[in-house]
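Read the structure below first, then the notes.
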Amino acid sequence: MALIRFDGVSLEYPVRENQAVTLKEFILHGLFRKKRNPVRSIKALNDLSFEIHDGERVGIIGLNGAGKSTLLRTIGGVYPIKSGRRTVEGSICSLYDIALGFEHDATGWQNIYFRSYLQGDKPKAIKAKLKEIEEFTELGDFLNLPIRCYSSGMLMRLAFTIATSQCPEILLIDEVFATGDLLFQKKAEARMRDLLHRARIVVMVGHNLGFLQEFCTRVIWMHKGRIHAAGATQEIIQAYTSGANELKRAA
Amino acid sequence: MTETVGNRPGYFQRIWELRYFWFSLVRNDLYNRYKGSFLGIGWSLLKPLSMTAVYCIVFAKVFKVEVAEYAPFLLVGMTTWQFVSECLMQGAFSFSLGSAYIRQQPVPLAIFPLRIMLSSGFHSLIALAVAIGATLIFMGSLHPVGLLYLMPAMLLLFILGWALAILSGVMYTHFPDTRHLLEVALQILFFITPILYRPESMAGRTRLMLLFEWNPLTSILALTRAPILDGTAPTMQQVQMSLVFVVMVAVLAMVLLRKLERNLIFWI
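Protein sequences, first through last, are from chains A and B.
According to this note's numbering, the first sequence holds residues 175 to 425 in order.
According to this note's numbering, the second sequence holds residues 196 to 463 in order.
Here it is as structure tokens:
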């Protein structure tokens, strides 16, 4: 039974105005004078509470900087929370920044192994899936070339295929489809639907409203680190399309 | 403030579960380091070998030291020193090198210093093999039984290397000028550790002898020097000092990492 539950979760991350503090500064100013390079806390997520159950496909939308990607990463356990309670049950597979997490000089095949190992797969299991992965990416001979020769669309195909090859219970996806072509989007959509029988929960951040509309059962609209609205896909997307402008002006 | 993530196995267990991942990172590091280079692995041996050659010549000419005895002594010492200093210098960057992976998936962060230590360890093992070969050539014979004492020595050195890499990485993440500090500190350390000179040769100078005695690295060096050069185990005192030192560093590394690991991602 997969489950994601956030109760009053807040997340802050520290930022220094000057990039980093030197050891000298730390000793001198920390000990004797008020710091000239104070740490500011940016409240990225503010008192979030929601629940996502088995079988749900949830989209997260919002303006840039609203905290969507932060939320996704917090669900994935990458960012630590400051307060509240985060409960996530089920194995997680996430797809955040597709260009990251690849070894650029290694070939496509080697990177399949890399990323799969990172996800916790074992070599035997990966070997069994290799054919399937190759077919789905449709990259063919390109898989023998180093990743730095790939276009971002190709990278996305590779990353998406590897992430979805593991049959996780929770799938977290962050705006990866921007670079995929129409055909691949359709393929990916079909794969995700199929995955849903295996992946119990899918959480997706995206700006492609049409895609979200077709795919998601529920949508959460984030604004400035809070949940602005949440509910049925159609409703929220409509409200977002018409309301986003005022919200931005009011900000 | 709590987080529940279902069933959470222990830290070391999680590291073991991810063994394919960090092992393939190490393999990739080594491959990249040598791919396309003319000498390949020869390059990583060049540094201790060439430094040994230079010091040998200088010391033979200037200080009239017996080369046949000195060269193996120097080589073994240099190799061990290089391992320690590499773990410290490269360990500093371990987390930023792995930042892409850290942002992708919650993994036990000790993996990244481990990767640095293993890559460095691989070179050092090869260099040590060369040093053993050189000892055979220069001194004419080896004590094979003595070499068995190298096993526990390796284990201790690996733990030390890992712990130092963790400390270095954590410090660098919070204070970028750690790098420069380390460079200077290692330079100083190089000369107050008996790498170039035998510990006994400073018999008259009490203060220097004291420095050597209290420098934990002297004992660490003895861990590899005694088995290879003398064919014996290091003295009880040296073993004790090494153990205490390694345990202290390891505990410090574990405590610091445990405390800072959670929020480290914000600083990388």
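By construction, the Cβ of each residue, glycine as well, lies at the ideal position given by its N, Cα and C atoms.
The structure presented is a predicted model; accordingly, all values stated were derived computationally and were not measured.
| query | Cα-Cα, which of B:S437, B:Q433, B:L451 and B:R393 is closest to F268 (chain B)? | reply | B:R393
| said: Check whether the stretch 398-417 of chain B and the stretch 434-453 of chain B touch, using three or more Cβ-Cβ pairs below 8 Å as the test. | reply: Contact holds: three or more Cβ-Cβ distances are below 8 Å.
| Is C390 (chain A) helix, strand or coil when you go by DSSP? | coil
| Straight-line Cα distance separating V302 (chain B) from N458 (chain B) | 13 Å
| field | C-beta contact flag for E186 (chain A) and K242 (chain A) at 7 Å | value | no
| field | Host alpha helix (DSSP H) of T261 (chain A) (start-end) | value | No alpha helix (DSSP H) holds T261 (chain A); the beta strand (DSSP E) holding it covers S257 to E263.
| field | Partners in chain B for E277 (chain A), counting only beta-carbon separations shorter than 7 Å | value | Under the 7 Å cutoff, chain B gives N223.
| request: Along the alpha helix (DSSP H) that carries A348 (chain B), what are the first and last residues, could you check? | output: L345 to H369
| First and last residue of the uninterrupted beta strand (DSSP E) at H381 (chain A) | Neither: H381 (chain A) is in no beta strand (DSSP E) and is coded neither H nor E.
| task | Indicate whether at least one CB of chain B lies closer than 7 Å to the CB of Y324 (chain A). | result | no
| request: Measure the C-alpha to C-alpha separation of H402 (chain A) and Q408 (chain A) and round it to an integer number of angstroms. | output: Near 16 Å, if we compare the C-alpha coordinates of Q408 (chain A) and H402 (chain A).
| field | Coarse secondary structure for S325 (chain A), derived from DSSP in three states | value | coil
| message | Between which residues of its own chain and S184 (chain A) is the CB-CB distance below 8 Å, once the five residues before and five after are set aside? | response | K217, L219, N220, D221, L222, I255, K256, S257 and G258
| message | Is there a C-beta anywhere in chain A that falls below 7 Å from the one on S219 (chain B)? | response | yes
| query | For the stretch 279-291 of chain A, which residues have a beta carbon sitting closer than 7 Å to at least one beta carbon of chain B? | reply | Close to chain B, meaning a Cβ-Cβ distance shorter than 7 Å, are the following residues of the stretch 279-291 of chain A: D279, A280, Y287, F288 and Y291.
| Contact check, Y287 (chain A) vs I300 (chain A) under 8 Å by CB: the rounded distance? | 6 Å
| said: Please classify L405 (chain B) as buried or exposed, where buried requires at least 16 other C-beta atoms within 10 Å of its C-beta. | reply: exposed
| task | Please determine, among B:G341, B:Q277, B:W211 and B:Q285, the residue with the shortest C-alpha to C-alpha distance to K296 (chain A). | result | Sorting B:G341, B:Q277, B:W211 and B:Q285 by C-alpha distance to the C-alpha of K296 (chain A) places B:W211 at the top.
| Residues near V213 (chain A) by beta carbon distance below 8 Å, same chain, minus five either side | For V213 (chain A), where only same-chain residues beyond five positions count, the Cβ hits under 8 Å are P188, V189 and R190.
| field | As assigned by DSSP and simplified to three states, the class of N220 (chain A) | value | strand
| request: Please state whether DSSP places R190 (chain A) in a helix, a strand or coil. | output: strand
| request: Following the continuous alpha helix (DSSP H) through H338 (chain B), name the residue where it begins and the one where it ends. | output: Where H338 (chain B) is concerned, there is no enclosing alpha helix (DSSP H), because DSSP gives it neither an H nor an E.
| request: Return the chain-ordered list of same chain residues with a C-beta closer than 8 Å to the C-beta of D228 (chain A), the five sequence neighbours on each side being excluded. | output: M175, A176, L177, R374 and I375
| field | Partner residues on chain A for R400 (chain B), Cβ-Cβ distance less than 9 Å | value | Ordered by position in chain A, no residue passes the 9 Å Cβ test against R400 (chain B), which lies about 33 Å from the chain.
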